[in-house]
Amino acid sequence: MPAEHDYQPRPGLLDDRVILVTGAGDGIGRAAALAYAEYGADVVLLGRTEKKLDAVFDEIVAATKTRPVVVPADLLHASEDAVTTLYHAIRREYARLDGILHNASLLGPREPIADYPVQDWQDVMQVNVNAAFMLTRGLLPLLEEAPDASVLFTSSGVGRRGRANWGAYAVSKFAVEGLVEVLADELAPDVRVNSLNPGATRTAMRAAAYPEEDPATLPSAEDHMPLYLYLMGPDAKGISGRRFDAGSWMP
Ligand code: NDP
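Here you go:
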């Protein structure tokens, strides 16, 4: 059994915390939003497909005492103004923000750089890097007021070692790793910032990247939730600037 299953989050681990999850409508983001709410957090669900966010909202309301806020937003069009609006909405609703899970991501085409379409390159960098930067920058004043804020960026194996035909996706994840290092250095010890590579996980994105693979052979998003909870919660206080891999970590 992987080490991640040895971490036992206690009930109420995230009580009184407000956590923003991007890409919360599907896959790993959906599982994280549900897990954070189950462990007591008020979650802000950001994603581009409102219907999926509403379904996650309903699940959380049915299963927990919390009531999430739904923020339909396509990060392809993220702007400073939109982030300012979100900042005021979170301040108005909760008057605090204790964590961000940057999870939303575009895979983009699987093409060699020689053929990589320029518009796709820009779109992938916009969603995976620029939007995460803008959100972090714009919401930082709220995070800095929190007693133990945690910002988690989602990386990938190809964000640590580049591989042919992973194009902008791989490069964007390298950029995310760089952003984590810069932010962790700037924000210590007040806000902790880490990167997390979920590894091969049974989701729509994985199926798009590896259509020939049998999804039944892969771990589910839910399998990774101990690590997602650990890094967002108080048990990881003081841990910053680190790279985590689901399936091979020790609390
Ligand atoms: P999914 O494609 O299953 O889910 C991604 C979510 O992000 C979806 O809800 C999607 O919305 C949302 N999203 C995508 N683009 C935007 C956008 N422009 N604006 C707002 N929301 C958007 O992906 P995974 O759950 O597999 O991936 C989650 C994270 O984990 C990503 O960062 C990915 O790179 C990383 N990862 C995943 C691996 C895997 O094997 N699954 C392996 C390594 C890393 P919608 O539902 O509307 O499509």
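Letter by letter, the sequence shown follows residues 383 to 633 of the numbering used here.
C-beta: ideal position from N, C-alpha, C; glycine also.
Keep in mind that this is a model prediction, so the values were computed, not measured.
{"query": "Proximity test, P442 beta-carbon vs the ligand NDP heavy atom, cut-off 7 angstroms", "result": "With the sequence shown as reference, residue 442 is identified as Ile, and Pro is not the correct amino acid for it. Flag unset: Cβ of I442 not near the ligand NDP."}
{"query": "For R625: DSSP bridge partner residues", "result": "S577"}
{"query": "Cα-Cα separation, S538 to L458", "result": "20 angstroms"}
{"query": "Beta strand (DSSP E) segment containing S532, residue limits", "result": "A531 to T536"}
{"query": "Boundaries (first-last residue) of the alpha helix (DSSP H) holding D567", "result": "G549 to L569"}
{"query": "Length of the line joining the Cα atoms of G490 and P454", "result": "21 angstroms"}
{"query": "Run of the alpha helix (DSSP H) containing I410, from where it starts to where it stops", "result": "G409 to E420"}
{"query": "Inter-residue spacing [alpha-carbon to alpha-carbon] between P580 and A417", "result": "15 angstroms"}
{"query": "H484 - containing beta strand (DSSP E), residue span", "result": "G481 to H484"}
{"query": "V451, enclosing beta strand (DSSP E) - first and last residue", "result": "V451 to P454"}
{"query": "As assigned by DSSP and simplified to three states, the class of L488", "result": "coil"}
{"query": "Cβ neighbour criterion (16 or more within 10 Å) applied to H470", "result": "exposed"}
{"query": "Bridge-paired residues (DSSP) for D323", "result": "Residue 323 lies beyond the range of the chain shown here (383 to 633); nothing can be said about it."}
{"query": "Cβ neighbour criterion (16 or more within 10 Å) applied to V443", "result": "exposed"}
{"query": "Beta bridge counterpart(s) of T404 as assigned by DSSP", "result": "L428"}
{"query": "Cβ contact (3+ pairs, closer than 8 angstroms) linking the region 389 to 402 and the region 421 to 430", "result": "yes"}
{"query": "Cβ-based neighbour list, I495, same chain, cut-off 7 angstroms, excluding 5 preceding and 5 following", "result": "G549"}
{"query": "DSSP state of I442 mapped onto helix, strand, coil", "result": "helix"}
{"query": "The region 613 to 625 touching the region 563 to 570, judged by at least three CB pairs closer than 8 angstroms", "result": "yes"}
{"query": "Three-state secondary structure assigned by DSSP to G544", "result": "coil"}
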